[in-house]
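Novice: A single structure is presented below for examination.
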Amino acid sequence: MSTPVLDLSIQVELDQFNLDLIFSSSKRTIGIFGPSGSGKTTLLESLAGLRGEAKGKLVCLGETWLDSSANVALKAEQRAIGYVPQDHLLFPHWNVRQNLESGSKRARQSGEDTESVFSEVVQTLELAPLLDRNITELSGGERQRVSLGRALCSGPKLLILDEPLASLDWKLRHRILPYLVRIRDTFKIPLLIVSHNPAELLALCDEVVALNRGKKVAQGTPTDVFSTPEVYAAAADEGFENIVRGEVVQSSNFETQIRLEGSETEQLITVSASHHTPGEKVLLGIRSQDVLLSNNRIQGVSARNWIEAKTQKLSQVDGKQVLIAKAGRNEFLVELTQDAVAELKIAPENRIWLFFKSSAVSVYSSTPSD
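Each residue of the sequence shown is one higher than the last, beginning at 114 in the numbering used here.
Structure representation (structure tokens):
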């Protein structure tokens, strides 16, 4: 996008610190990362028009929502935002259809074709079997899908997701993430995703802005941001996973073979997972601590997966080195000691091999279920 999705310079006075943030991004899917108390929620509330004390300037897709110098401050309902909060905020006395239609009212007022949008939302999020059910009868994952659907039905210019998977357990996170990928790929609406989980942002975002105590500490591609000294330690505390893309080649009752996306050579990853369909697109999660590195493809080790890659960049973080290695269109972050870097003579554009066990790989199916 040539016009920035977001162009902002905002300030908000807080008790512990002040939010003082400047950034601009033209990417369609933007991630906001930071630990608890870094200013993420304050930023969202300022974007949504819920922080009357916010000062500065905020422009979304060329439309000025806030300009303190010109006495401009659009109300929340004037900003055309689809906001999905952590706690869903659905109407418990209405069924799913009524909750979705409540979102359509704003789209109808702005001249949107609400019927076609409603149908596309229901199809994309697989909500048809739920339409006549009460909200109180739904599981956590189903409520999350309805909350996403209601926001999409409102015809937003910008869709904001506040910690979209934080309230779900591990199994539900694996099931809901593919729906977020579907939303990103189906609807041409810019997304702003706030999360303290690096895996979500690696899977979904074109660009990440990292915050700490109200200020920007890094901005760039997800792997670039998460490999910086200011960010990697916080990301590692959350159980950092590399997220790579692939396609199922074959699957048995015990294991599945997946072709790494965008590889110049045939590179297969074997995972301890079953019930996948050949041709199915999947996301794979591999923790950086579980990835080992060699200058040669050695034999006689228990790790079954070998990926040929090229080194890109080294960063020093708390006495260790964090390497970005590229395999096809996928990037891996690998933790190394200083001694290992010296012994392996790691330098940019080196040919290397990454290896890891099948049991170290998590599979995020592209076929959602709930």
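The beta-carbon is built from N, C-alpha and C at its ideal position, and this holds for glycine as well.
1. When burial is assigned at 16 or more other CB atoms within 10 Å of the CB, is V205 buried or exposed?
2. According to DSSP, simplified to helix, strand and coil, what is P311?
3. For I135, which beta-bridge partners are listed by DSSP?
4. Can you give the Cα-Cα distance for E255 and Q236, rounded to whole angstroms?
5. Given a cut-off of 7 angstroms on the beta-carbon distance, is the pair L314 and G144 in contact?
6. Determine whether the beta carbon atoms of G327 and L132 lie at a separation below 7 angstroms.
7. I think V395 touches V361, with their Cβ atoms under 8 angstroms apart; what is that distance to the nearest whole Å?
8. Quick check on DSSP: helix, strand or coil for N418?
9. What is the DSSP secondary structure of Q412, counted as helix, strand or coil?
10. So, I302 versus L274, is the Cβ gap smaller than 7 angstroms?
11. State the DSSP-derived secondary structure class of V447, mapped to helix, strand or coil.
12. Any contact of the region 362-380 with the region 400-414, i.e. 3+ C-beta pairs under 8 angstroms?
13. Taking G253 as part of the alpha helix (DSSP H), name the residues at either end of that continuous run.
14. Does the beta-carbon distance from K439 to K423 come in below 7 angstroms?
15. Using a threshold of 7 angstroms, state whether the C-beta atoms of S385 and S472 are closer than that.
16. Are R358 and T383 touching if we call contact CB-CB under 7 angstroms?
17. Would you kindly check if the distance between the Cβ of L238 and the Cβ of G268 is under 7 angstroms?
18. Would you mind reading off the limits of the beta strand (DSSP E) that contains E368?
19. Considering only C-alpha positions, which residue in the set S229, L373, T369 is nearest to P391?
20. Cα separation between K188 and R442?
21. Leaving out the 5 sequence neighbours to the left and right, which residues in its chain are closer than 7 angstroms to A167 when beta-carbon positions are compared?
Specialist: For this structure:
1. One detail in the question is off: residue 205 reads as Pro in this sequence, not Val. By the C-beta density criterion, P205 is exposed, having fewer than 16 other C-beta atoms within 10 angstroms.
2. Looking at P311 - three-state DSSP - the assignment turns out to be helix.
3. According to DSSP, which records beta bridges pairwise, I135 is partnered with S122.
4. Taking C-alpha positions only, E255 is separated from Q236 by approximately 14 angstroms.
5. Yes; because the gap between Cβ atoms is below 7 angstroms, this pair is in contact.
6. Cβ distance < 7 angstroms, so G327 and L132 count as in contact.
7. 6 angstroms between Cβ atoms; contact.
8. Three-state result, N418: strand.
9. Coil at Q412, not helix or strand.
10. No, they are not a contact pair.
11. The answer is strand: DSSP assigns V447 an E or B state.
12. Contact fails: fewer than three Cβ-Cβ distances are below 8 angstroms.
13. Element bounds for G253: 253-266.
14. K439 is a Cβ neighbour of K423, given a cutoff of 7 angstroms.
15. S472 is positioned such that its CB atom lies closer than 7 angstroms to that of S385.
16. The answer is no: Cβ separation not under 7 angstroms.
17. No, Cβ-Cβ distance for G268 and L238 is not below 7 angstroms.
18. Per DSSP, E368 lies in no beta strand (DSSP E) and is assigned neither H nor E.
19. Of the listed residues, the one whose Cα sits closest to P391 is T369.
20. Each residue's alpha carbon lies about 42 angstroms from the other.
21. If we look at A167 and ignore the five residues flanking it on each side, its Cβ neighbours are I123, V125, S159, L179.
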